[in-house]
Amino acid sequence: MATSRKKASSRKTVAGKKRTVLLVATRKGAWLFHGDAARKTWRADGPHFLGHVISQLVLDPRDGKTLLAAAKTGHLGPTVFRSTDLGKTWKEAAQPPAFAKAPEGEKGRSVDHTFWLTPAHANEPNVWYAGTSPQGLFRSEDGGITWKPFSTINDDPQYREWMGTVQDGTPDGPKLHSIIVDPRDPKHLYFGMSGGGVHETRDGGKTWKVMIKGLDVVEGFGFDPAKPTFHDPHCLRMCPSNPDRIYQQNHCGIYRIDRPSDTWVRIGRAMPKTIGDIGFPLVVHPRNDSTAWVFPMDGTSVWPRTSPGGKPAAYGTKNGGKTWQRLDAGLPKSQAWWTVKRQAMACDAHDSLGLYFGTTSGELWMSANEGRQWRCIAQHLPEIYAVDTATR
Amino acid sequence: MNVMIPSALHSYTGRSSVEAQGSTLAALLADLDRRYPGIRFRIVDEQEQVRRHIRIFINGTQEFGLSRPLKDSDEVIIAQALSGG
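Chains as they are written, first to last, in my numbering: chain A, 3 to 394; chain B, 5 to 89.
Have a look at this one:
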């Protein structure tokens, strides 16, 4: 009898819950994984754009229907595809992100791929931001149909110097990423550049402030830490429950900042020394600003960028980074040489919270209890570049 | 004139051979884009450069400049470069 009551209670818990959709972008196409109400079974919908490099797939939380995909192929130029029926049909952007044409005699830049997509403020319907490789910032005001350079940074001589050349960036190109919109103020934005540091505007992009104080620089070597050029933020996440708190997974460690302070604090020093605090992704809890997760990688010697020791694990903190807990139950115990890229880890909004990540080896993993137990929900996908969640 | 289209761009044209007009290569690509919106930016970047992995041949000769004049009798082939193994 007690068992029956427990089962009934369990059903009641999940009844009425909205369903989670995982938006999976890979090197060879996109997939949508539709979860049931209990997040037990997942229906794969894909591939979409088979053979296209999809950097990110994002559903607009403001209208619940506009889905954008940042795409390119090995041979063709980049573009953005748009769907308003959750991927049943797609239409290409009429004007994808593109830099301004350089004056005659000068060498201009070309967008290699759109890397990052961020829906703007809730009070700005149909406005989106995009970050590109090489580093560029773009904005659409019509739901992703047409894109224009945003603010002056794309052609600003100082920013161009900080951005460096294609050789200064990550192996598949330098990137502008982690475009964050303050939910209290649509004119208050942040972004990160790999390389090029962290930047903030409070006036809708008219002026920008560099935010790199407290961050270590690559390898030391006497590089000037005051120069954005030497900084490589991998992933920035603002806490939805406290927009004054931002966590950062950087090339040089895990950091946190609590505004109005302008100084980052390296909370990754509390990570186990054998693991270190290098990685790409970072996820914050939507309702608790002290809870966050990272997925460390090997940043020693030649930077294998794989799970340290071939033993993958997420690490979570529940106290803002004072202490970290290893979360590897259900994950392989050895010989698993994964990388989880900066966009490839996400959470849903359920209680208890679901965590998800995709690997460079094409596996999609989830935890329905905040990382305490993991299970693989898809294998043999192409290299996973991004995992985002949507609620339907 | 006749323009041969690589398979990667059939999602725009629906076939491998299409008709388009233009007195220069730039004008031809603009006409293609009018007929098949979006196709030009996949071929040519915002600095008016043919993309790294695309090749354009006019009557069998590779062409890099968009100002190249064209006649109605010219045959234009847009191809994927043999890059990537």
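From the three backbone atoms N, C-alpha and C, an ideal C-beta is built for every residue, glycine too.
- Selection B:Ala-34, B:Gln-51 and B:Leu-86 evaluated against His-57 (chain B) yields B:Leu-86 as nearest (Cα-Cα).
- Taking C-beta atoms under 8 Å as the contact rule, Phe-45 (chain B) and Gly-301 (chain A) fail to qualify, at a distance of about 37 Å.
- Assigned with DSSP and collapsed to three states, Ala-392 (chain A) falls in strand.
- Burial check for Pro-63 (chain A): the Cβ neighbour count within 10 Å stays below 16, so the residue is exposed.
- Per DSSP, the beta-bridge partners of Ser-196 (chain A) are A:Lys-177.
- Sequence-ordered contacts of the segment 35-63 of chain B with chain A read Pro-41, Gly-42, Phe-45, Arg-46, Ile-47, Val-48, Asp-49, Glu-50, Gln-51, Glu-52, Gln-53, Arg-55, His-57 and Ile-58 [C-beta pairs closer than 8 Å].
- Residues of chain B with a Cβ closer than 7 Å to the Cβ of Thr-75 (chain A) are, in chain order, Ala-12.
- His-201 (chain A) sits in a strand when the DSSP states are folded into three classes.
- Around the beta carbon of Ala-228 (chain A), fewer than 16 other beta carbons lie within 10 angstroms, which makes this residue exposed.
- Apart from sequence neighbours up to five positions away, the residues of its chain that approach Gln-66 (chain B) with a beta-carbon distance below 8 Å are Arg-59 and Ile-60, ordered along the chain.
- Residues Tyr-16 of the same chain have their beta carbon placed closer than 7 Å to that of Gly-42 (chain B), with the five preceding and five following residues left out of the count.
- At a cut-off of 9 Å between beta-carbon atoms, Val-168 (chain A) makes no contact with chain B.
- Gln-169 (chain A) and Thr-43 (chain A) have their C-alpha atoms spaced approximately 43 Å apart.
- Taking a Cβ-Cβ cut-off of 8 Å, the neighbours of Glu-94 (chain A) in chain B comprise Pro-41 and Gly-42, given in sequence order.
- By the rule that beta-carbons nearer than 9 Å mark a contact, Phe-117 (chain A) does not touch chain B.
- Judged by their CB atoms, His-201 (chain A) and Val-183 (chain A) are not nearer to each other than the 9 Å cut-off.
- The straight-line gap separating the alpha-carbon atoms of Leu-139 (chain A) and Ala-73 (chain A) is approximately 16 Å.
- For Val-220 (chain A), the closest of A:Asp-205, A:Met-273 and A:Ile-280 by C-alpha to C-alpha distance is A:Ile-280.
- At a cut-off of 9 Å between beta carbons, Gln-66 (chain B) makes no contact with chain A.
- Bounds of any alpha helix (DSSP H) do not take in Trp-367 (chain A); it lies within the beta strand (DSSP E) bounded by 366-369.
- Per DSSP, Trp-210 (chain A) is not a residue of any alpha helix (DSSP H), being assigned neither H nor E.
- Using a 10 angstroms sphere on the CB of Lys-343 (chain A), the tally of other CB atoms reaches 16 or more, which defines it as buried.
- Annotated three-state conformation of Leu-24 (chain A) is strand, per DSSP.
- The three-state secondary structure of Met-299 (chain A), taken from DSSP, is coil.
- With a beta-carbon spacing of about 6 Å, Leu-61 (chain A) and Leu-25 (chain A) fall inside the 8 Å limit used to define contacts.
- At least 9 Å separates the beta-carbon of Phe-232 (chain A) from that of His-179 (chain A).
- Its chain contains Asp-279 and Trp-326 as the residues whose beta carbon lies nearer than 6 Å to that of Met-273 (chain A), once the 5 sequence neighbours on both sides are disregarded; these appear in chain order.
- Proximity of Ala-85 (chain B) to chain A, defined by a Cβ-Cβ separation below 9 Å, is satisfied.
- Taken in chain order, the complete beta strand (DSSP E) segments of 3 or more residues contained in the segment 47-93 of chain A are 55-61, 69-74 and 81-85.
- In the structure shown, Val-129 (chain A) falls within a coil segment according to DSSP collapsed to helix, strand and coil.
- Of all residues in the segment 111-138 of chain A, the ones placed with a Cβ closer than 8 Å to any Cβ belonging to chain B are Arg-111, Ser-112 and Val-113, in chain order.
- DSSP, reduced to helix, strand and coil, places Leu-217 (chain A) outside both helices and strands of the structure shown, so it counts as coil.
- Under the Cβ criterion of 9 Å, Ala-32 (chain A) is not counted among the residues facing chain B.
- At least 9 Å separates the CB of Leu-52 (chain A) from every CB of chain B.
- Selection B:Ala-12, B:Ala-83 and B:Glu-52 evaluated against Lys-109 (chain A) yields B:Glu-52 as nearest (Cα-Cα).
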